[in-house]
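Shown next, in structure tokens, is the structure this report addresses.
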Amino acid sequence: MRALLATAVVLAVAGLLVLLVLPVIALVLRVPAMELWRRLGDPVVLGALRLSLVTSAASTLAVVGLGLPVAYLLATKRFPGKRALEVLIDLPLVLPPTVAGVALLMAFGRAGLAGGALRAFGLTLPFTTLGVIVAQTFVAAPFFVGAARAGLADVDHRYLDMAATLRSTPGRTFFRVMLPLAFPSLLAGAAMSWARALGEFGATITFAGNLPGVTQTMPLAVYLALQSDLEAAIALSVLLLAVSLAVLLAVRSGPAGPAAVRARARRPAR
């Protein structure tokens, strides 16, 4: 029985690795290095890559700024409607991306629920770069809130109690004790949100369109190239894969940073 279980585990691991790794290898082997370098010099590719990096960075900042207070609230407080709030935050995880785009259009479009209010402030979201950021923030927010909430909830209350006995204010305790201890989870959540925003396609093309230099991110450029030039689409896909992999590896390869922050956080707040 034990041997059968071990065999099943090995087969499952092998099957999952084939499913996850083989497409990546096939994609990389299809593009010669010189072709990839040539495509990188294409102004359209550079524009899409630059727009993807700028909008995904901006949406990640928005997700962290808006999501951290919400994660703290969910991790530390009990209140009526908490379950409903959790469901609403997690909804973009299961919502089809095109449906998310239509929902954003109905909410923030010219004739949407908030369209008139936005026009009063001189803002237009559909078919603009700001619309891309809004779409990416919508789909990426649950990734950060979920990870941040788990990290904040896992903070050992002994450190919080120690800070309270030293008459540390709630704000000081949060920034000097709770936040540093939960930093690895916050960093992981931000990285996941960034990766989701970088790869966002459905909500973006539905809500913001596919305008070169304005709303055409790398995933949209891949989709457009796929209709007429398969080799270009593959090259763009490899570029997007390389950028995503580089950032994720940079986050994963820096455990000393979070560890040092965690060690400093163990010192009692003064």
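Residue numbers for the sequence shown, in numbering that gives the first Met the number 0: 0 to 269. Note that CB positions come from ideal geometry on N, CA and C, so glycine has one too.
Simplified DSSP assignment, three categories, for residue i
| i | result |
| --- | --- |
| L112 | coil |
| V12 | helix |
| L124 | coil |
| V237 | helix |
| L210 | coil |
| Q135 | helix |
| M0 | coil |
| P218 | helix |
| K76 | coil |
| P95 | coil |
| V53 | helix |
| G46 | helix |
Chain-order list of residues whose beta-carbon lies under 6 Å from that of residue i (same chain, five-residue window excluded)
| i | result |
| --- | --- |
| T136 | S58, A61, V62 |
| Q114 | The displayed chain sequence assigns Gly, not Gln, to residue 114. Same-chain partners within the cutoff: G108. |
| L18 | none |
| T203 | V131, A134 |
Local Cβ density within 10 Å of residue i, reported as buried at 16 or more and exposed below that
| i | result |
| --- | --- |
| E230 | exposed |
| M33 | exposed |
| I24 | exposed |
| L87 | exposed |
| F200 | buried |
| Q215 | buried |
| L48 | buried |
| S192 | buried |
| F78 | exposed |
| R195 | buried |
| L10 | exposed |
| R38 | buried |
Same chain, Cβ closer than 7 Å to residue i, five either side skipped, listed in chain order
| i | result |
| --- | --- |
| S236 | L26, V221 |
| L159 | T172, V176, M177 |
| A189 | T59, V63, F143 |
| L149 | Inspection of the sequence shows that residue 149 is occupied by Ala rather than by Leu. Cβ within range, chain order: S184. |
Min CB distance residue i to chain C below 8 Å
| i | result |
| --- | --- |
| R118 | Given the protein chain composition of this structure (a single chain), no chain C is represented. |
Any non-hydrogen atom of the ligand HEM closer than 7 Å to residue i Cβ
| i | result |
| --- | --- |
| L16 | In the structure on display, the ligand HEM does not appear, and there are no ligands present to speak of. |
Spatial neighbours of residue i in its chain, beta-carbon cut-off 8 Å, leaving aside the 5 residues before and after
| i | result |
| --- | --- |
| A2 | none |
task = Entirely within the region 140-202 and at least 4 residues each: give me those alpha helix (DSSP H) ranges in chain order.
result = 156-164, 169-172, 182-197
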